[in-house]
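In case it helps, this note's numbering puts the sequence shown at residues 8 to 635. What follows is a short report on a single structure.
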Amino acid sequence: MVSFSPHTINEAVAKTFIGRWFRLEGSGHPLARPGSKFLTELRAGTVTAAAMLYIISVNASILSDSGGPCVCEGTADDPICAANTEYALCKNELSRDYVTATSAISLISTFLMGLFANMPLGLAPGLGVNAYFAYSQVGFNGTGPISYSEALAAVFLEGIIFFALTILGLRQWVVRLIPRSITTAIGCGIGLFLTIIGLSSSGLNVITGGISTPLQLGGCKSEFADATTGFCDSHVLQDPRMWLGIFVGGVLTAFLILYRVKGALLWPILLVSIISWPRPTSVTAFPHTEVGDSNFDFFKNVVAARGFKLLGPSNVDWKAYSNGKVWVALISFLYVDLLDTTGTMVAMSKQAGLYDARDGDFEGSSIAFLVDSICIAFSGLFFGTSPCTPFVESASGISEGGKTGLTAITTAFWFFISIFFAPILSNIPAWATGSVLIVVGAMMMENATKINWDYMGDAIPAFVVIAVIPFTYNVAYGIIAGLILFILLHNLPKLAGMVSPQLLPPGWHDLKEPYNSTAFLKQPNGKGRVSFLALLPPWLRKLVRGERRFWAYTDDEIQRILEGRAMSKESDNAAAKMRQDERDEMRKRMGEEVVHPAEDHKSDDHTDDVNALEQGMMASSTYEMERK
Numbered sequence: 008m009v010s011f012s013p014h015t016i017n018e019a020v021a022k023t024f025i026g027r028w029f030r031l032e033g034s035g036h037p038l039a040r041p042g043s044k045f046l047t048e049l050r051a052g053t054v055t056a057a058a059m060l061y062i063i064s065v066n067a068s069i070l071s072d073s074g075g076p077c078v079c080e081g082t083a084d085d086p087i088c089a090a091n092t093e094y095a096l097c098k099n100e101l102s103r104d105y106v107t108a109t110s111a112i113s114l115i116s117t118f119l120m121g122l123f124a125n126m127p128l129g130l131a132p133g134l135g136v137n138a139y140f141a142y143s144q145v146g147f148n149g150t151g152p153i154s155y156s157e158a159l160a161a162v163f164l165e166g167i168i169f170f171a172l173t174i175l176g177l178r179q180w181v182v183r184l185i186p187r188s189i190t191t192a193i194g195c196g197i198g199l200f201l202t203i204i205g206l207s208s209s210g211l212n213v214i215t216g217g218i219s220t221p222l223q224l225g226g227c228k229s230e231f232a233d234a235t236t237g238f239c240d241s242h243v244l245q246d247p248r249m250w251l252g253i254f255v256g257g258v259l260t261a262f263l264i265l266y267r268v269k270g271a272l273l274w275p276i277l278l279v280s281i282i283s284w285p286r287p288t289s290v291t292a293f294p295h296t297e298v299g300d301s302n303f304d305f306f307k308n309v310v311a312a313r314g315f316k317l318l319g320p321s322n323v324d325w326k327a328y329s330n331g332k333v334w335v336a337l338i339s340f341l342y343v344d345l346l347d348t349t350g351t352m353v354a355m356s357k358q359a360g361l362y363d364a365r366d367g368d369f370e371g372s373s374i375a376f377l378v379d380s381i382c383i384a385f386s387g388l389f390f391g392t393s394p395c396t397p398f399v400e401s402a403s404g405i406s407e408g409g410k411t412g413l414t415a416i417t418t419a420f421w422f423f424i425s426i427f428f429a430p431i432l433s434n435i436p437a438w439a440t441g442s443v444l445i446v447v448g449a450m451m452m453e454n455a456t457k458i459n460w461d462y463m464g465d466a467i468p469a470f471v472v473i474a475v476i477p478f479t480y481n482v483a484y485g486i487i488a489g490l491i492l493f494i495l496l497h498n499l500p501k502l503a504g505m506v507s508p509q510l511l512p513p514g515w516h517d518l519k520e521p522y523n524s525t526a527f528l529k530q531p532n533g534k535g536r537v538s539f540l541a542l543l544p545p546w547l548r549k550l551v552r553g554e555r556r557f558w559a560y561t562d563d564e565i566q567r568i569l570e571g572r573a574m575s576k577e578s579d580n581a582a583a584k585m586r587q588d589e590r591d592e593m594r595k596r597m598g599e600e601v602v603h604p605a606e607d608h609k610s611d612d613h614t615d616d617v618n619a620l621e622q623g624m625m626a627s628s629t630y631e632m633e634r635k
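What follows is the structure, given as structure tokens:
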């Protein structure tokens, strides 16, 4: 009798070409990823999609504010067409075109990231950079320093420049040059970033902006909110939708995670959405307002597919590069996306166990950056959107167990479905996903234990990264602030030490983490020789040396990646053991018995890690023989 149990399905898929391509556990691939299972990847991709689908409507709303290709026939009384009905109708059509365009570019970029880079990342037009595109460059109703067509030309050229930088390995340099304390702090900062998103109007609406203080309590009903700012004038924390999201979306999620229920992040999102869709309730997602009526009319369609006739290559102004303001916009796009993408990919790879602690890089970085750059160019050229970028919400799927590109492909599938079922999937309420983002943020804060708090020269820059990322709503700004402070706190004392060793701060030689900016130039052969050949990505180094199969991993490269994985795992295990020892000591002081019911399970996990390393080594030998 044929068995269709989850275990049987996972094992059967792992032994196929799909399992080997995506390096599922049990596939026999030398770089198989421990813990990666087919059904888990599908569930993780669905969770990521549920956390990301809000971008469809949000991105459409933001980008359509620019007016796009709509022509404003301004008058003396209304120079920006604020009251022009014809222009408003064009913007309404543009917004619906952007719903389809956002789904399409997210589908393509996420699918390519999963298929070729084998990374569990969801990509879409990034929040923050889309606002910069719409309000700072093009401007509301086209009142900015450059036109919509010129902005698209800047986005397209950004993708081409990133492609060239990736081919030369320059984007990988950034990953290797960022100090360990900063890369560790990025994960914490993104965790708090997700938390503040979950608490804000993009989630539970527990907090809003304030007048006397930067933030204040929210959660009031619409009739008690200021009509202009949206801030609560009174009756805070009395919105039943917020409490639905907190208890059914948050507390329930916490209990499901506590008891290790599969799909713990997904089921509460679905449950809150189903509760919120009926209209005659106090928690409905479709209140009897103009916007609510419009959304409900769209929701009732269930299935709706349309193109994006107002968007496309015809909007790009190829003569824009003669305008100096376009280059200013391009430079801004470049540095923000460079650090934002790098920081997000490093943090996500660490959470998924794909980070190589030895080389300071992550698996598939070259292809991941290439896919990212191609999709940025596609964003501007074909879809008329701001640059595509990896989403921090990918952490929700990774927390559900996603480790391979199958997670991304599953997310892409839901973006494909959203093109036809946009009325349903674009109306998942914000309070359904808000608590999940907070829970994922809590999971990511574990990275804080790995920061070197013993030396303030490492700790303070790391803390600045953690603090600045959420409060500026921008990963890049946090990294920039932390790096500047790190450079000052490490180089000024170093210069002082050249004058006299006594001017070096306490802990310089023992407590400070070692950092050498030329270390990434050393050849990965264990001999420590400095060579500019090391600046190139691995595949290009092999091509320069005349190797025909330059895209294939060598036996040495596989072993090095496996050892890098093991180093990362050992670091995690050491931190976990230290925390467990502290808990055991607390129990002893309280007179409680020290019991480790999960000790056998942990031992099995450790044995699995060792076995995975040994199996990888053996598989790499077989792989090398096949390659030759």
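Every residue, glycine too, gets a C-beta built ideally from N, C-alpha and C.
Any idea what DSSP makes of residue i, helix, strand or coil?
{"i": "PRO275", "result": "helix"}
{"i": "GLN245", "result": "coil"}
{"i": "ALA131", "result": "strand"}
{"i": "CYS195", "result": "helix"}
{"i": "PHE262", "result": "helix"}
{"i": "CYS88", "result": "coil"}
{"i": "CYS77", "result": "coil"}
{"i": "SER610", "result": "Its pLDDT being 42, under 50, SER610 is placed unreliably in this model, and the value from its coordinates should be taken loosely. In this structure, SER610 counts as helix in the three-state DSSP scheme."}
{"i": "GLY533", "result": "Note that GLY533 has pLDDT 46, beneath the 50 cutoff, so the model's placement of it is unreliable and the number below is only indicative. Coil, per DSSP."}
{"i": "PHE637", "result": "Shown here, the chain extends from 8 to 635; a query on residue 637 therefore has no answer."}
{"i": "ASP104", "result": "helix"}
{"i": "PHE147", "result": "helix"}
{"i": "ALA384", "result": "helix"}
{"i": "ALA232", "result": "strand"}
{"i": "THR82", "result": "coil"}
{"i": "PRO500", "result": "helix"}
{"i": "ASN459", "result": "coil"}
{"i": "GLY485", "result": "helix"}
{"i": "GLY26", "result": "helix"}
{"i": "ILE6", "result": "What is shown of the chain runs 8 to 635, which leaves residue 6 out entirely."}
Nearest CA to the CA of residue i: which residue from the options?
{"i": "SER425", "options": "PHE45, VAL310, GLY121, LEU206", "result": "VAL310"}
{"i": "ARG50", "options": "HIS516, LEU547, THR418", "result": "THR418"}
{"i": "ASP72", "options": "ASP240, PRO500, SER102, ILE491", "result": "SER102"}
{"i": "MET120", "options": "THR291, SER380, THR456, LEU550", "result": "SER380"}
{"i": "TYR155", "options": "TYR139, SER507, PRO500, LYS307", "result": "TYR139"}
{"i": "ILE25", "options": "ARG596, LEU122, GLY42, LEU70", "result": "LEU122"}
{"i": "CYS4", "options": "PHE423, PRO545, PHE470, ILE167", "result": "With the chain running from 8 to 635 in the structure shown, residue 4 is simply not present."}
{"i": "ASN434", "options": "ALA261, PHE293, ASP363, TYR462", "result": "PHE293"}
{"i": "ARG248", "options": "LEU265, ILE218, SER209", "result": "SER209"}
{"i": "GLY441", "options": "GLY217, ILE189, LEU272", "result": "LEU272"}
{"i": "ARG286", "options": "ILE214, GLY464, PHE306, THR107", "result": "PHE306"}
{"i": "LYS269", "options": "THR288, GLY408, GLU100", "result": "GLY408"}
{"i": "PHE398", "options": "GLY75, ILE197, ARG27", "result": "ILE197"}
{"i": "ASN523", "options": "PRO394, ILE185, ALA559", "result": "ILE185"}
Use the C-beta contact count for residue i: other C-beta atoms within 10 angstroms, 16 or more gives buried, fewer gives exposed.
{"i": "LYS44", "result": "buried"}
{"i": "MET552", "result": "Here residue 552 is Arg; the residue named in the question, Met, does not match the sequence. ARG552 comes out exposed."}
{"i": "MET5", "result": "For the chain, the structure presents residues 8 to 635; residue 5 sits outside this window and is missing."}
{"i": "SER401", "result": "buried"}
{"i": "TYR342", "result": "exposed"}
{"i": "ALA83", "result": "exposed"}
{"i": "GLY331", "result": "exposed"}
{"i": "LYS584", "result": "exposed"}
{"i": "PRO325", "result": "A small fix is needed here, since residue 325 is Trp in this sequence, not Pro. Its Cβ having fewer than 16 others within 10 Å, TRP325 is exposed."}
{"i": "ARG178", "result": "buried"}
Mind checking who residue i pairs with in its DSSP beta bridge?
{"i": "THR215", "result": "GLN223"}
{"i": "THR396", "result": "ALA131"}
{"i": "TYR155", "result": "According to DSSP, which records beta bridges pairwise, TYR155 is partnered with nothing at all."}
{"i": "ALA138", "result": "Paired residues: none, contrary to the question."}
{"i": "ASP363", "result": "ASP368"}
{"i": "ALA311", "result": "PHE428"}
{"i": "CYS239", "result": "ALA232"}
Should the segment 86 to 94 be called in touch with the segment 296 to 307, which here means at least 3 C-beta pairs below 8 Å?
-> no
Does the count of Cβ pairs from the segment 429 to 447 and the segment 481 to 488 closer than 8 Å reach three?
-> no
Any 3 or more C-beta pairs closer than 8 Å across the segment 387 to 394 and the segment 153 to 162 = yes
Touching or not, the segment 402 to 420 and the segment 109 to 120, by the rule of three or more beta carbon pairs under 8 Å?
-> yes
Would you call the segment 491 to 502 and the segment 239 to 250 in contact, with 3 or more CB pairs under 8 Å?
-> no
Would you call the segment 447 to 457 and the segment 162 to 176 in contact, with 3 or more CB pairs under 8 Å?
-> no
For the segment 9 to 22 against the segment 548 to 567, are there 3 or more C-beta pairs whose distance is under 8 Å?
-> no
Take every Cβ of the segment 226 to 236, pair it with every Cβ of the segment 503 to 511, and state whether three or more of those distances are shorter than 8 Å.
-> no
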